[in-house]
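Step one of this worksheet: look at the structure below.
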């Protein structure tokens, strides 16, 4: 995600719908102190764990095998930054924004989604377009 830009020194990152872990691992490469990856797909988890192993980053990573919303419902920690790339064609993006507005789980949420998807975001949201993809950021 080129929009990350710059340093992320010493922040704690939450990577939701992690997939291969690309977003959280990129944050670690930019200086994040640790990352929690939440993914429920077993195939994606295998790739994620392999990528963490390949980078020798287990000391900075925690992998949670769970549904994102189940995890967030039980979570009490507020992260510095949450990164999310929910599957397109589902209501997950809208649900995640709604959850964030009701129970902030990070100081900032960066949400990758399909351009034109209506998220029901308030005026505090900023959205940038990258072709057919959009990056919406919300802050508490």
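Residue numbers (the working numbering): 453 to 592.
All residues carry an ideal CB built from backbone N, CA and C; glycine is no exception.
| Check | Outcome |
| --- | --- |
| Which residue comes first and which comes last in the alpha helix (DSSP H) that contains residue 582? | Counting along the chain, residue 582 falls outside any alpha helix (DSSP H), though it belongs to the beta strand (DSSP E) covering 578-582. |
| Quick check: what's the CA-CA separation for residue 484 versus residue 562? | 15 Å |
| Assuming residue 535 is part of the beta strand (DSSP E), what are its boundary residues? | 531-536 |
| By alpha-carbon positions, which one of 584, 518, 476 ends up nearest to residue 540? | 584 |
| Just the Cα atoms here: how many angstroms apart are residue 503 and residue 490? | 15 Å |
| Could you check whether the Cβ of residue 478 sits closer than 7 Å to any Cβ belonging to chain C? | Looking at the structure shown, chain C is missing, and only one protein chain is on hand. |
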